[in-house]
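Those letters in the sequence shown? Residues 1 to 217, by this note's numbering.
What follows is one structure encoded as structure tokens, with my remarks underneath.
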Amino acid sequence: MGGIPVSKRTKLLRKENNEAQRLLSSPSICILYNIQEYLRSAPISACQRESVRRDVIQMLSDAEARGETPTDVIGEDYKSFCDSITAGLPRPAQPQFFLGRLRDALPAILALYAFLCAARFNVKTGWYASVKLGDLPAAAFALLMWSGPGAWLSRKIHTRQTLAKTVRVLFDLLVLTGMVVLGLLLPQQLFQIHLLAALVPLAALFVVYKLLDAKLD
1 MGGIPVSKRT KLLRKENNEA QRLLSSPSIC ILYNIQEYLR SAPISACQRE
51 SVRRDVIQML SDAEARGETP TDVIGEDYKS FCDSITAGLP RPAQPQFFLG
101 RLRDALPAIL ALYAFLCAAR FNVKTGWYAS VKLGDLPAAA FALLMWSGPG
151 AWLSRKIHTR QTLAKTVRVL FDLLVLTGMV VLGLLLPQQL FQIHLLAALV
201 PLAALFVVYK LLDAKLD
């Protein structure tokens, strides 16, 4: 795959891994899920994560063929297993790492922006929306929570898939509640914006996301 661009190599790896993962048993899939989620916040690239995932799938598959359990090859502490692997991987350059994190955060930013737009627009006012003072700190609060404590949760809560998903839903509800509270505390209107004007930054953010997704590892 030497002549394939990095982004395509990552997508090919992900596709191959998804297909190989289906052949694993439920216990192996469960530990693989925990490893995947733990690696999301590791300081490595998406391509490196998929490469590690490929190797782990192969290890689990070989273990099943020998009649061994996932614990026999991964150990009791999958986090230590992941740390030992990522410690030997080269770290991406800081600009690339930052842009990668930005790329990963942009879908949430787009969804948040679209939600705020939909909540504020009113056909009766001629497709104009009121931008309130509380919208700015609410958006900043959500992004800080999702990139800070939210990323920490993704790394730490992996005892069971159901528990991890439940904790994540409760955390997202907490963030949304905080946004609503900030909006209520600061209801002053800053300005109004038309739907077409609001779609310009939304489209620009989407273009930035697609460019980063195509170029970054």
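Glycine is no exception: its CB is placed at the ideal position from the N, C-alpha and C atoms.
Here the structure is a predicted model, which means the values were calculated and not measured.
Proximity to residue i [Cα-Cα], best of the options
i, options, result
"residue 127", "118, 135 and 214", "118"
"residue 187", "138, 174, 202 and 205", "138"
"residue 146", "15, 173, 71 and 78", "173"
"residue 17", "48, 41, 38 and 71", "48"
"residue 134", "194, 182, 102 and 169", "182"
"residue 9", "72, 46, 35 and 31", "46"
Test item: CB-CB of residue i and residue j under 7 Å
i, j, result
"residue 88", "residue 81", "no"
"residue 212", "residue 99", "yes"
"residue 235", "residue 20", "Since the first and last residues shown for the chain are 1 and 217, residue 235 lies out of range."
"residue 85", "residue 52", "yes"
"residue 132", "residue 189", "yes"
Residue i, buried or exposed, once every other Cβ within 10 Å from all chains shown has been counted against 16
i, result
"residue 26", "exposed"
"residue 107", "exposed"
"residue 50", "buried"
"residue 60", "buried"
"residue 184", "exposed"
"residue 39", "buried"
"residue 195", "exposed"
Residue i in three-state terms, based on DSSP
i, result
"residue 130", "strand"
"residue 190", "strand"
Practice task
Please specify which runs of the alpha helix (DSSP H), each continuous and at least 4 residues long, are wholly inside the segment 29 to 97, giving them in chain order.
Solution key: 46 to 65, 70 to 74 and 78 to 86
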